[in-house]
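Take a look at the structure set out below.
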Amino acid sequence: MNGHVRHLYVHLPFCAHRCGYCDFVTVVGREELHARYVDAVLTELELEGGLLARSLETVFLGGGTPTFTDGRELRRLLESLPSAEEVTVEANPETVTPALARLLRESGVTRVSLGAQSFQPSLLAVLERQAGPDAVRRAFYHLRDANFDNISLDLLHGIPGQSAAGLGLDIDEALALAPEHISYYELEAKPGTRFTHGHGAELARQAEAMEAYYELVIERLTAAGYRWYETANFCLAPDQANALGRDLRPSHNLAYWRGRDYLGLGIGAVSTLGAERRRNTPRLNGYLSALGRGEAPAREVEPLDGPVRDLERVMLALRLDTGLVLSAAGSAIDEDALARVERLGLASRRAERDGSGRLVLTPRGRRLGGAVTAELVV
Numbered sequence: 241m242n243g244h245v246r247h248l249y250v251h252l253p254f255c256a257h258r259c260g261y262c263d264f265v266t267v268v269g270r271e272e273l274h275a276r277y278v279d280a281v282l283t284e285l286e287l288e289g290g291l292l293a294r295s296l297e298t299v300f301l302g303g304g305t306p307t308f309t310d311g312r313e314l315r316r317l318l319e320s321l322p323s324a325e326e327v328t329v330e331a332n333p334e335t336v337t338p339a340l341a342r343l344l345r346e347s348g349v350t351r352v353s354l355g356a357q358s359f360q361p362s363l364l365a366v367l368e369r370q371a372g373p374d375a376v377r378r379a380f381y382h383l384r385d386a387n388f389d390n391i392s393l394d395l396l397h398g399i400p401g402q403s404a405a406g407l408g409l410d411i412d413e414a415l416a417l418a419p420e421h422i423s424y425y426e427l428e429a430k431p432g433t434r435f436t437h438g439h440g441a442e443l444a445r446q447a448e449a450m451e452a453y454y455e456l457v458i459e460r461l462t463a464a465g466y467r468w469y470e471t472a473n474f475c476l477a478p479d480q481a482n483a484l485g486r487d488l489r490p491s492h493n494l495a496y497w498r499g500r501d502y503l504g505l506g507i508g509a510v511s512t513l514g515a516e517r518r519r520n521t522p523r524l525n526g527y528l529s530a531l532g533r534g535e536a537p538a539r540e541v542e543p544l545d546g547p548v549r550d551l552e553r554v555m556l557a558l559r560l561d562t563g564l565v566l567s568a569a570g571s572a573i574d575e576d577a578l579a580r581v582e583r584l585g586l587a588s589r590r591a592e593r594d595g596s597g598r599l600v601l602t603p604r605g606r607r608l609g610g611a612v613t614a615e616l617v618v
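Residue 241 is where the sequence shown starts when you use my numbering, and the numbers rise one by one after that.
Structure representation (structure tokens):
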């Protein structure tokens, strides 16, 4: 490993059940293939390992439900991956037992992202989630008992049947657990899915309430001491986290938002590597067959020229409360549009100590998010 890439993503697609709103690359069950899949991922790592730096900053296991993967195989995978300063694993609550929590801790995992989605049984039923609110709490405490001190809760707003009052109750439940990090996403149901067929009219009603929901999430979490550092993400501020002033923003996600290169392994996994982006085949059998022969899996490759990378860098960096170093934007920003946005109080330019300039959206601009960014880019 003597390359430059310092961020590694590994996709574990296996799930007990595919939720109706999910559009990730997933495989239901197939326990008999878990060992073969881990073999394939490790073969892909061997083939692509030259891209990785000797020292990694982050490893992230996403899915699917990584913690649904057979425990022996999950341990084998974790212990075979390169070490990193931050190792995150996504988990569904119903899979987290005391033994699983210990396995993760013993295998070098430093951070767990727990997919709670909601604490309301009726809303969890709508989402087809397997875990109830008690299972979410139990999973959280199992992780705490295993000495995890960096846990994220993933939650949703805009669920069919949700109300502002119900959202407030979910926020209360999340704050009672006091996780180091909370991700609060707007539910996106893709057109044509069985979820949209079953809940179309209610999804339309929820769409009208999204702005109010978002305001409530921001207001409640920031009042509780969480830093609204990215559009949908919040972490405890240093003085709320511990006396050492730890930065609890996930380094892996920050790498995406800052436009860093990363390597993805597994079916459907995406890599951004300099002047190209590639996506592995989402077909499990094709992936396993290719790696079983010691060959790279089929991939879609998208060339990324300078203007495209500049545009993506602007769009992603402006999601952060730290904004964008203007010199990294290339020619992607329309100066006339920037002047208009500044006059409207939606963004501001700040001078850095090194003489460079930084563009940051104001709180009002961040609430409008993508609309402001779309106005700014050429």
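Virtual Cβ for every residue (Gly too), placed ideally from N, Cα, C.
Beta-bridge partners of ALA587 (DSSP): LEU601. With a 10 Å radius around the Cβ and a threshold of 16 neighbouring Cβ atoms, SER353 comes out buried. Secondary structure of THR337 (DSSP, three-state): coil. The Cβ-Cβ distance between THR298 and THR335 does not fall below 8 Å. The beta carbon of LEU340 lies closer than 7 Å to those of THR307, GLY311 in the same chain, with the five residues before and after it left out. The count of Cβ pairs closer than 8 Å, one atom from the segment 546-559 and one from the segment 577-586, stays below three, leaving the stretches out of contact. Excluding residues up to 5 positions away in sequence, PRO537 lie with their Cβ nearer than 6 Å to the Cβ of ALA530 in the same chain.
A direct Cα-to-Cα measurement between LEU252 and PHE388 gives close to 22 Å.
Between the segment 517-535 and the segment 279-287, the count of C-beta pairs closer than 8 Å reaches three or more; the two stretches touch.
Bridge pairing for ILE573: VAL617 [DSSP].
With 16 or more neighbouring CB atoms inside 10 Å of its own CB, PRO419 falls in the buried class. THR512 carries a strand assignment under DSSP once its states are collapsed to helix, strand and coil. The alpha-carbon of ALA509 is positioned some 11 Å away from that of ARG517. In the DSSP assignment, GLU325 falls within the beta strand (DSSP E) that extends over 324-331.
Per DSSP, the beta-bridge partners of ILE422 are LEU393, PHE474. For the pair VAL548 and ALA356, the Cα-to-Cα distance works out to about 35 Å.
Within the same chain, and ignoring the five residues on either side of SER596 in sequence, the residues whose Cβ sits closer than 8 Å to its Cβ are VAL565, LEU566, SER567. Within a 10 Å sphere around the beta-carbon of VAL457 sit 16 or more other beta-carbons, which makes this residue buried. Sorting ALA447, GLU326, GLU459 by C-alpha distance to the C-alpha of HIS247 places GLU326 at the top. TRP468 is not a Cβ neighbour of LEU476, given a cutoff of 8 Å. Put simply, of THR512, ALA611, VAL617 the residue whose alpha carbon is nearest the alpha carbon of LEU551 is VAL617. The residues PRO478, in chain order, have a CB closer than 8 Å to that of ARG486 in the same chain once the five nearest residues on each side in sequence are set aside. A distance below 6 Å between beta-carbons, with the five flanking residues on each side excluded, links THR521 to the following residues of its chain, in chain order: TYR527, PRO537, ALA538. Looking at the DSSP output, GLU542 shares a beta bridge with ARG517. In terms of Cα proximity to ASN525, the closest of HIS244, THR266, VAL541 is THR266.
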